[in-house]
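Comments concern the structure below.
Residue numbers (the UniProt record's numbering): 1 to 481.
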């Protein structure tokens, strides 16, 4: 693999692709969505075999993948995402005249995208990172995940079909295989302008550090895991003990616990702990173990549980059955909040269907927990309305610790839309200002640029007088179309 040739071709494709219209980018993405749908049967069959995930899950994931492609197709076709801003010249302003200044977002350049193990479609080859980068105007060098190579190759072929149908440069997308060394080389290449990653904290942090050691540091948008805690209040649990236990276990065990939003940590008041624990254990007993994504993930899951079993602070309510190593079995441990607060190891993600129930004794202790909590993708609060009335301080603490704060339901089920925020404070991600799901994901791969006194004929269409694209713009401090 000659990286110089690969990146030079991507850079050449970038200089062409960045300047095509939003409508042309939209047509390309629409073509991709249609080609993926046309190849649904083969893609699903490959992904089911390689991931151990059921047909229904993979079909749903392909639907999600196509849905987010169409979301970005509509976004770039409409065009307002570039944040066009115009401050017209004021030559007669005193004491000093004002120059004509016009600002917008422009794409970064070639982006390195790493595929995820737990989503062979939605967070992989044509997943959210790839598509948001392409929508922004950036070529993608995609590092395939070794857990589902044939699925990745097939989807890559679909992308190249869409590129050909749209008369775009083939180097707009490049599919690369390999291990850690190959991934590191991609990040280190001087023509790489950004990195997107979904996976473990170890992997994401290593890429982040590598990118910041370059002569020209580049942004790394790494989603690195989360335990997605749920904060339970007494009256809510008293009123809905069994239904909340059922919802919790259903969310925890979704996908054999291999979602980045599975709730692996739940804080429960002392007076309700016994009843809630009993209900959770009963629900867990009805959940059959199922194959995990691959043996390596299953082995890591049971190794993590074995380590935790050596800690005296934990009381095990349900111990996982590791008889069939590929299968993920549910596990539940309980700990006092006073002990949980003493060691951050109890906040580390265990990737699988394991939950830690933390029993707290007072609202003051709950506030200490919120202060001590690491950054999360999501935090959920289960409380009755009257219980929330005097909890503004706690809510403010929780806002600082997550990217999405829920007051109903469970954190699994991430909506792909305009308002979704899927990203949070470190260590859940490397950049809390960004999202990897939803329309705003496109802005990870663009930077602002301002043009001062540029002649009209040279300005991008988004900034020209008369607003030829008909997009929403801020002109002299006011939004208009």
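Built from N, CA and C at the ideal position, the CB exists for glycine as well.
Quick one: residues in its chain with C-beta nearer than 7 Å to the C-beta of residue 22, no 5 flanking neighbours on either side, listed in chain order?
Taking the chain shown and counting its residues from 1, the one referred to as residue 22 is at position 22. 76, 77, 79, listed in sequence order.
Measuring only the C-alpha atoms, how far is residue 435 from residue 95?
Stepping through the chain shown from its first residue, residue 435 is reached at position 435. Stepping through the chain shown from its first residue, residue 95 is reached at position 95. CA-to-CA, the gap between residue 435 and residue 95 works out to about 43 Å.
Check whether the region 128-141 touches the region 103-117, counting contact only when three or more Cβ pairs, one atom from each stretch, lie closer than 8 Å.
These segments touch.
Roughly how many angstroms separate the alpha carbons of residue 370 and residue 473, rounded to a whole number?
Position 370 of the chain shown, counted from the start, is the residue given in the question as residue 370. Position 473 of the chain shown, counted from the start, is the residue given in the question as residue 473. Taking the straight line from one Cα to the other gives about 40 Å.
Of the residues 400, 383, 376, 460, the one placed nearest residue 422, counting alpha carbons only
In the chain shown, the residue the question calls residue 422 occupies position 422. Among 400, 383, 376, 460, the Cα nearest to that of residue 422 belongs to 376.
Pick from 356, 475, 479, 481 that is closest to residue 101, judged by C-alpha positions:
Your numbering for residue 101 matches position 101 in the chain shown. Here the closest residue by C-alpha is 475.
Which class does residue 280 belong to by DSSP, given the choice of helix, strand or coil?
Here residue 280 corresponds to residue number 280 of the chain shown, with the count starting at 1. Taken through DSSP and simplified to helix, strand or coil, residue 280 comes out as helix.
If you run the structure through DSSP and keep just helix, strand and coil, what is residue 402?
Stepping through the chain shown from its first residue, residue 402 is reached at position 402. Residue state, collapsed to three classes: strand.
Would residue 191 and residue 10 be called neighbours here (beta carbons separated by less than 8 Å)?
One-based indexing of the chain shown puts residue 191 at position 191. One-based indexing of the chain shown puts residue 10 at position 10. Yes. Within cutoff.
Neighbourhood of residue 246 by C-beta, 8 Å cutoff - its chain only, sequence neighbours within 5 removed:
Residue 246 sits at position 246 when you count from the first residue of the chain shown. The residues 279, 283, in chain order, have a CB closer than 8 Å to that of residue 246 in the same chain once the five nearest residues on each side in sequence are set aside.
Quick check for students: name the residue ranges of the alpha helix (DSSP H) that lie wholly in the region 334-362, counting only runs of 4 or more.
Runs found: 337-340.
How about residue 328 and residue 296: do their beta carbons lie closer than 8 Å?
As a working note, residue 328 is residue 328 in the chain shown. As a working note, residue 296 is residue 296 in the chain shown. By the CB criterion at 8 Å, residue 328 and residue 296 fall outside the cutoff.
Just list the residues that DSSP pairs residue 328 with in beta bridges.
As a first step, residue 328 must be located in the chain shown, where it is residue number 328. Under DSSP, residue 328 shares a beta bridge with 290.
Could you check which residue in 402, 51, 285 has the C-alpha nearest to that of residue 226?
Along the chain shown, one-based indexing puts residue 226 at 226. For residue 226, the nearest C-alpha among the options comes from 402.
Please state whether the Cβ-Cβ distance between residue 121 and residue 171 is less than 8 Å.
As a first step, residue 121 is located in the chain shown; it is residue number 121 there, counting from the start. As a first step, residue 171 is located in the chain shown; it is residue number 171 there, counting from the start. No, Cβ-Cβ distance for residue 121 and residue 171 is not below 8 Å.
Using DSSP bridges, identify the partner residues of residue 198.
Indexing the chain shown from 1 puts residue 198 at position 198. In the DSSP output, where bridge partners are listed per residue, residue 198 has 223.
Whole angstroms is fine: what's the gap from residue 8's alpha carbon to residue 97's?
Here the question's residue 8 lines up with position 8 in the chain shown. Here the question's residue 97 lines up with position 97 in the chain shown. When rounded, the distance between both Cα atoms is 43 Å.
Looking at residue 50: is its Cβ nearer than 8 Å to the Cβ of residue 150?
In the chain shown, counting from the first residue as 1, residue 50 sits at position 50. In the chain shown, counting from the first residue as 1, residue 150 sits at position 150. Yes. Within cutoff.
Exposed or buried, which one is residue 167 when buried takes at least 16 other CB atoms within 10 Å?
Numbered from 1 along the chain shown, position 167 holds the residue referred to as residue 167. Within 10 angstroms of the beta-carbon of residue 167 lie fewer than 16 other beta-carbons, which makes it exposed.
Is DSSP giving residue 268 helix, strand or coil here?
Numbered from its first residue, the chain shown carries residue 268 at position 268. Strand, per DSSP.
Below 8 Å between beta carbons: does that hold for residue 35 and residue 158?
Translated into the one-based positions of the chain shown, residue 35 becomes position 35. Translated into the one-based positions of the chain shown, residue 158 becomes position 158. The Cβ atoms of residue 35 and residue 158 lie closer than 8 Å to each other.
If contact is defined by three or more beta carbon pairs under 8 Å, each pair taking one atom from either stretch, is the region 408-417 in contact with the region 347-363?
Short answer: they don't touch.
Mark residue 180 as exposed unless 16 or more other C-beta atoms lie within 10 angstroms of its C-beta, in which case mark it buried.
Looking up residue 180 in the chain shown gives position 180. Classification of residue 180: exposed, given that the 10 Å Cβ count is below 16.
Between the alpha carbons of residue 253 and residue 354, how many angstroms are there, rounded?
As a position in the chain shown, residue 253 is number 253, starting the count at 1. As a position in the chain shown, residue 354 is number 354, starting the count at 1. Near 8 Å, if we compare the C-alpha coordinates of residue 354 and residue 253.
Residue 99 - DSSP class collapsed to helix/strand/coil:
By one-based count along the chain shown, residue 99 stands at place 99. Correct three-state label for residue 99: coil.
Going by the CB atoms, is the gap between residue 175 and residue 152 shorter than 8 Å?
On the chain shown, position 152 is the one that residue 152 refers to. On the chain shown, position 175 is the one that residue 175 refers to. Result yes, Cβ atoms of residue 152 and residue 175 sit closer than 8 Å.
Mapping the DSSP letters down to three states, classify residue 459 as helix, strand or coil.
For the purposes of this step, residue 459 is taken as the residue at position 459 of the chain shown. Per DSSP, reduced to three states, the secondary structure at residue 459 is coil, with no helix or strand assignment.
When DSSP builds the beta bridges, which residues end up paired with residue 87?
Locating residue 87 in the chain shown gives position 87, counting from the first residue. Residue pairing of residue 87 in beta bridges, as defined by DSSP: 101.
Can you look up residue 478 in the DSSP assignment and give me helix, strand or coil?
Counting from one through the chain shown, the residue named residue 478 turns up at place 478. Strand.
Alpha carbon to alpha carbon, how far is residue 469 from residue 461?
Counting from 1 along the chain shown, the entry for residue 469 is found at position 469. Counting from 1 along the chain shown, the entry for residue 461 is found at position 461. Between the C-alpha atoms of residue 469 and residue 461 there is a straight-line separation of about 7 Å.
Beta carbon of residue 132 nearer than 8 Å to that of residue 442
Residue mapping note: residue 132 aligns to position 132 of the chain shown, counting from 1. Residue mapping note: residue 442 aligns to position 442 of the chain shown, counting from 1. Yes. Within cutoff.
C-beta contact flag for residue 337 and residue 330 at 8 Å:
Sequence index remark: in the chain shown, residue 337 carries index 337 (1-based). Sequence index remark: in the chain shown, residue 330 carries index 330 (1-based). If you check the CB distance, residue 337 and residue 330 do not come in under 8 Å.
To test your reading of the DSSP string, which unbroken alpha helix (DSSP H) runs of 4 or more residues are found completely within the region 22-50?
Segments of the alpha helix (DSSP H) lying fully in the region 22-50: 22-38.
Which class does residue 213 belong to by DSSP, given the choice of helix, strand or coil?
Counting from 1 along the chain shown, the entry for residue 213 is found at position 213. Residue 213 falls in the coil class under three-state DSSP.
Collapsed DSSP secondary structure at residue 175 in the structure displayed:
Position 175 of the chain shown, counted from the start, is the residue given in the question as residue 175. Under the three-state reduction of DSSP, residue 175 is assigned to strand.
Just tell me which of 239, 242, 213, 196 has its CA closest to the CA of residue 224.
The residue labelled residue 224 in the question sits at position 224 within the chain shown. Looking at the Cα atoms, 196 is the closest of the given residues.
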